[in-house]
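Taken in order, these protein sequences are the chains called B and R. When you line the first sequence up against numbering that gives the first Met the number 0, it's residues 0 to 339, in that order. When you line the second sequence up against numbering that gives the first Met the number 0, it's residues 0 to 662, in that order. Only one structure is covered here, and it is reproduced in the block below.
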Amino acid sequence: MSTREHHLNKLCLLLLVIPAFISGCSGLKESKPILPIREYEKMIVGNLYADYVGTRNCLAACHEHDRLKLFFDASTMGAQLKKESGMPLVDCESCHGPGSLAIQGLTKELVESNAKQGIKTACDFKTLIDLKKLPATAQSLICLKCHTVNATFNLHNWNAGLHALNEVSCFPCHDIHAGPDLKVTPLASGKLCFSCHQSAQAQFSLPSHHPLKEGRVFCVDCHNPHGGFADHSLLQDSVKETCVQCHPDKRGPFLYQHADVAENCLNCHSPHGSVNSRLLNAREPFLCLQCHDGHRINTEAGGSISAQRARAFYTRCTDCHSTIHGSDVPSTSGGGRFTQ
Amino acid sequence: MRCKKRYCILHVSVIGIALGWAVAPAMAADGEALPAAGVTTVNHEKQEPAVYYETEGDYYLGYRWVSDDDSLKAAEYIYPHSSVTFGLDLLSCPLPYRYHMNAEFLSNYDFYTDAGFAYKDLVLFRDILVGVHHNLEHFNYQYAGEPPDLVYTDRNPGDDYYVDFVSNLLSLRLKAPDFPFHTFLNHRHIEREGRDQQRFLLGDFNDTHKISEARDVDWSSNALKLGTNSHLGPVEVEYAFDQAKFNPDGSEILYDPYPASGDRHADIYPHNVVPETESSAHSMKMHSSYTGGIVTAATVSNLYQKNNYSRIESTTWKGAFDFSWIPDPLVGLFFKYRHTDVDMDTPDTVTLTGLSNSLNYPVRQGVSYDKDVFSLSSRYRPGNLLSLLASYEFSHLDRKDVGEWVVLPGQSNIHTINFTANAKPLDKVKVKASYEYKNYSQPAYNNTPDSSNKLRLTTTYLPVPWLNVYLEYILALTERNSLNYLNSDPALLLEIGERDGRHDQFLVSLTTELSPKVSLTASWFYQRWDVEQDLAYGKWLMAGAGDLPYLDVGVPYTDEANSFSLAIFYLPRQDLTVTADLTYTITKGKTGYDDVVGGEPFSLSSFSALKASETICSLEIAKRLSKDWEVRLRSYMNIYNDREYDRLDGNVFTTTFSIKRYF
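Laid out in structure tokens, this is it:
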């Protein structure tokens with residue numbers, strides 16, 4: 000079967016699968032939007048005896064929270080959506096649950112009188128959802144219940160991704176009260192990731208490393224913490240596609256390929272750091288000798304080659320095989336020896 | 000040229016921000032009134048002023064003195080010249096507009112800018128511009144050789160090699176009013192400029208002329224992604240189109256006179272071509288509700304890549320399907336499927352055209368393959384103190400047209416089993432333990448094992464609130480029997496030898512808050528990689544009377560690193576901050592090649608040994624002069640000691656003085 004026919008068959012199959020998939024998902028969504036994890040729904044719905052009182056009557060009422068509210072209003076979520084769109088309205092109670100019990104007994108007079116005496120009027124926050132003690136999946140659901148209908152494709156691979164699987168919720172990385180855009184800046188991402196991935200941080204202290212601790216390369220240049228197509232939550236669909244973002248001269252395709260070795264740069268390189276130059280997994284020539292037999296080490300007469308020849312052939316293979324990532328020119332001896 | 004491009008990028012960023020600022024009032028006038036700002040009273044009697052988040056931030060101006068000595072290895076990512084420095088941090092939210100900018104400029108070739116503009120949730124713009132100077136190694140070519148058969152030539156012996164790297168990542172997302180329909184644009188621009196050491200061979204094995212010369216690098220790459228996505232009720236769908244082009248500009252082909260060899264006449268031939276390449280991709284994503292007990296996500300994409308020098312093309316189809324099911328808080332099931340189908344289109348022959356001659360050469364068909372990966376994971380969480388994970392993954396790689404690739408098997412399979420436990424046995428102790436076993440059938444390459452075992456243990460211990468102890472240990476063992484070597488004369492695939500590998504990694508870190516004014520972090524990182532493998536070297540008898548290679552049995556290879564670091568934060572007074580870091584790293588590496596011929600007048604191991612140490616110190620003192628002003632002094636020192644060859648010995652010392660104003 001030709002490649003074209005093969006792909007045509009795949010396309011036809013895909014056209015059948017997509018409607019079936021939509022239909023199936025439609026059924027799932029319509030019947031029980033979040034009910035299959037009923038227990039989590041109970042956790043994030045809040046106190047059933049409390050009523051929603053609106054942002055104006057809860058956090059905004061306490062002056063200490065003014066700044067939080069300003070940040071929140073400045074955030075993307077703060078831009079509220081019209082009711083007609085069917086989108087969820089986002090305010091304090093969207094995450095913390097209904098707040099009527101928390102402000103029960105508080106009056107304008109009491110708040111103002113306390114404020115005049117320099118006393119902060121605390122609400123009964125224990126009646127709100129205790130977000131920090133929720134299981135990670137429930138914590139994430141607090142965010143996902145809105146982002147699931149907002150075409151947030153950053154999260155496309157979240158649910159089966161490494162962080163979700165290992166019960167890391169949105170909270171350790173996103174502090175929704177901390178700033179206007181909830182995003183982690185590239186510079187801050189290193190510190191954030193290394194709070195859990197400490198050995199990765201240590202690897203960047205090895206002599207050969209990407210300039211991450213220098214603040215010029217960031218974890219998010221290579222990794223998507225929300226998950227992705229490839230292993231290790233890589234930003235692109237494969238190791239090579241991730242590396243060639245910044246090393247496009249290695250992209251190819253080349254006339255002479257290094258078999259499928261170069262499809263996975265990790266066969267030879269350790270991107271976080273290495274004791275060897277150019278982030279190599281091992282020093283040359285051992286790196287290459289692992290898979291290739293070395294050049295002749297004896298002479299025609301049977302004795303050993305000279306020290307000079309040995310140095311020439313057993314120091315750095317890439318002195319001569321300098322197009323090792325792929326070549327478009329045949330070598331002197333013919334074929335793809337990556338020398339030219 | 001360099002300046003023009005860089006200014007162009009800066010202009011795009013600045014104009015983007017300025018445009019945002021300029022159109023803001025107009026858009027505000029068009030937009031609907033904001034929801035009422037937070038009313039600060041319990042009842043609604045009092046009308047609050049419109050929400051306006053006050054502009055805040057800081058900027059600084061300073062000067063950085065740089066001095067270096069010997070090799071620039073110690074200053075690998077430092078532009079080795081003193082320069083003015085400045086920076087800006089700004090956050091401004093005249094709602095519904097939001098602006099931010101974080102900028103740090105250390106030199107013309109060392110900078111970072113992150114700038115953004117947003118209007119409600121309708122417009123999101125962000126631009127991240129990064130520049131870094133990378134000092135590259137100059138490999139030694141000062142050897143005597145054995146003229147005329149073995150000659151070393153360094154055409155630029157005194158040159159320093161470096162690359163100035165610039166990356167600009169721009170993203171713009173537009174949303175339809177009142178409905179989650181988005182269009183987006185992402186653009187990544189990469190530039191590399193500088194001088195690299197180009198090493199190459201003139202001649203062949205018997206007539207070896209090793210050349211090193213400086214090569215100008217002036218490369219750029221542009222990758223554009225355009226897409227749209229929307230919420231469509233039961234599912235959400237995204238379509239995106241990617242296009243990328245790599246342009247090596249004027250230095251993509253080198254020409255040199257090659258001696259006659261075999262059928263090839265002496266002539267000037269091209270070599271070390273850096274081809275212009277381009278790619279395009281279509282991708283479609285679709286997922287169901289993220290909040291369901293069952294969540295599904297699917298991706299299909301098609302990637303086309305082309306080499307504009309050799310006209311090679313490749314097409315890749317990719318498919319992904321994720322399925323997660325949480326029937327109960329105790330249990331979660333996760334399934335992933337990944338499919339990759341790579342189709343290489345390679346010609347059978349290629350013509351090498353020299354100045355006066357041309358010659359046809361055969362080309363091996365590029366490796367096309369199908370790869371399928373199935374992964375099934377389950378999670379069991381009996382309580383808050385314990386969580387158990389188990390997963391199984393099966394990977395099947397089917398290589399096509401590998402007849403010419405003698406050592407490559409047609410198929411390779413990998414089975415992976417992983418068990419992980421997260422536990423909190425005591426109130427102040429958290430433990431994570433994981434074990435992974437991999438089994439490879441028909442591994443293609445010698446550094447791929449037949450089987451591997453990996454154990455990982457992580458512990459966090461907080462005995463008292465002011466002390467945190469972190470421990471991590473990783474042990475990985477690999478085994479491989481029957482290695483593959485391709486002997487050239489006689490041409491024969493040898494399946495002999497074995498290989499064992501062991502990787503140890505250990506990290507202990509202690510963070511303590513000695514007092515409210517002093518905190519200290521100390522850590523030790525240890526890494527060791529041991530492998531013992533049978534190696535093969537070509538054996539020469541007489542022309543036409545070949546022999547099997549020499550086998551060097553059980554060659555040990557070791558890499559080892561110890562890194563110690565100490566970080567102190569000290570607040571002697573409210574207006575004075577002292578931060579100090581010290582890192583000391585020792586690296587060692589050796590290979591135990593044997594004298595397989597007998598009487599070798601050399602030791603192969605001596606050509607590639609490693610013994611080095613790196614000491615890094617930094618000290619920063621910041622003094623707040625008033626509410627608005629601060630002065631800062633930062634010193635950094637790096638001493639690299641190449642204890643094996645002394646070639647990379649060097650040090651760098653920088654001092655930066657800056658004055659900062661908060662607003």
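Backbone N, C-alpha and C define an ideal beta-carbon position, used for all residues, glycine too.
Whole-angstrom distance between residue j and residue i, CA atom to CA atom
i: V517/R; j: F568/R; result: 6 Å
i: N42/R; j: K132/B; result: With a pLDDT of 37 at N42/R, under the threshold of 50, the predicted position of this residue should be treated as unreliable, though the coordinate-derived value follows. When rounded, the distance between both Cα atoms is 32 Å.
i: D158/R; j: R646/R; result: 15 Å
i: N445/R; j: G302/B; result: 29 Å
i: F418/R; j: Y391/R; result: 9 Å
i: E75/R; j: P206/B; result: 9 Å
i: N301/R; j: G53/B; result: 48 Å
i: N359/R; j: Q196/R; result: 30 Å
i: W539/R; j: C264/B; result: 33 Å
i: A229/B; j: K317/R; result: 11 Å
i: D217/R; j: N421/R; result: 50 Å
i: G292/R; j: S564/R; result: 45 Å
i: S91/R; j: D236/B; result: 36 Å
i: R527/R; j: G402/R; result: 38 Å
i: A27/R; j: L278/B; result: Unreliable placement is indicated for A27/R, whose pLDDT of 40 sits below 50; the coordinate value is still reported in the next sentence. Cα-Cα distance, rounded: 51 Å.
i: G214/B; j: L186/B; result: 6 Å
i: R310/R; j: A177/B; result: 51 Å
i: L161/B; j: Q339/B; result: 42 Å
i: I128/B; j: K174/R; result: 32 Å
i: L253/R; j: L466/R; result: 60 Å
i: D594/R; j: R455/R; result: 38 Å
i: P342/B; j: V167/B; result: Residue 342/B lies beyond the stretch modelled for chain B, which goes from 0 to 339, so this question has no answer here.
i: Q573/R; j: K622/R; result: 9 Å
Best match in the options for proximity to residue i [C-alpha to C-alpha]
i: L618/R; options: I127/R, G597/R, A579/R and L506/R; result: A579/R
i: P668/R; options: G649/R, S367/R, L493/R and L351/R; result: No information on residue 668/R is available, as it lies outside the stretch 0 to 662 that chain R covers here.
i: L329/R; options: C94/B, T54/B and T136/B; result: T136/B
i: L168/R; options: A258/B, F217/B and P329/B; result: F217/B
i: R194/R; options: N421/R, H132/R and E277/R; result: H132/R
i: V492/R; options: F104/R, V272/R, R479/R and A535/R; result: It is worth fixing the name first, because residue 492/R is Leu in this sequence and not Val. Taking only the C-alpha atoms, the option nearest L492/R is A535/R.
i: A319/R; options: G292/R, I325/R and V372/R; result: V372/R
i: L286/B; options: V274/B, L254/B and C316/B; result: C316/B
i: F183/R; options: H338/R, P156/R and G226/R; result: G226/R
i: R154/R; options: N139/R, D546/R and P146/R; result: N139/R
i: E212/R; options: L200/R, S166/R, S220/R and D321/R; result: L200/R
i: E53/R; options: F240/R, P93/R, T84/R and Y59/R; result: P93/R
i: S657/R; options: E103/R, H80/R and S66/R; result: E103/R
i: G144/R; options: R214/R, N205/R, L135/R and G115/R; result: N205/R
i: D109/R; options: I77/R, S260/R, L135/R and T345/R; result: I77/R
Enclosing beta strand (DSSP E) for residue i [first to last residue]
i: F124/B; result: Unbroken run through F124/B: none, as it is neither H nor E.
i: H132/R; result: V122 to L135
i: V150/R; result: L149 to D153
i: E576/R; result: Inspection of the sequence shows that residue 576/R is occupied by Thr rather than by Glu. Looking at the DSSP string, the run of the beta strand (DSSP E) that includes T576/R is L575 to T590.
Closer than 8 Å: residue i CB and nearest the ligand NAP heavy atom
i: T182/R; result: No copy of the ligand NAP appears in this structure; indeed no ligand is present at all.
Rounded Cβ spacing between residue i and residue j (contact assumed at less than 8 Å)
i: F524/R; j: A309/B; result: About 35 Å; that fails the 8 Å criterion.
i: G96/B; j: A49/B; result: 7 Å
i: R295/B; j: G496/R; result: Wrong, their Cβ atoms sit about 18 Å apart, outside the cutoff.
i: D163/R; j: G130/R; result: 7 Å
Limits of the alpha helix (DSSP H) - the one that residue i falls within
i: P185/B; result: P185 to F193
i: S93/B; result: C91 to H95
i: F285/B; result: F285 to L288
i: N113/B; result: K107 to K115
Which runs of the alpha helix (DSSP H), 4 residues or longer, sit entirely within the region 199 to 246 of chain B? 218 to 221 and 238 to 242
> Which runs of the beta strand (DSSP E) spanning at least 3 residues fall entirely within the region 281 to 344 of chain R, listed in chain order?
Replying inline: Counting only runs of 3 or more, we get 293 to 306, 312 to 327 and 330 to 344.
Check your understanding: Where in the region 481 to 532 of chain R do unbroken runs of the beta strand (DSSP E), each at least 3 residues long, occur, reported from the N-terminal end onward?
Key -> 490 to 514
Margin query: Which complete alpha helix (DSSP H) runs does the region 347 to 387 of chain R hold, if anything under 4 residues is left out?
Written below: none
Minimum length 3: unbroken beta strand (DSSP E) runs contained in the region 208 to 293 of chain R:
As for any beta strand (DSSP E) of minimum length 3 sitting wholly inside the region 208 to 293 of chain R, the runs are 235 to 246, 253 to 257, 266 to 270 and 276 to 286, ordered along the chain.
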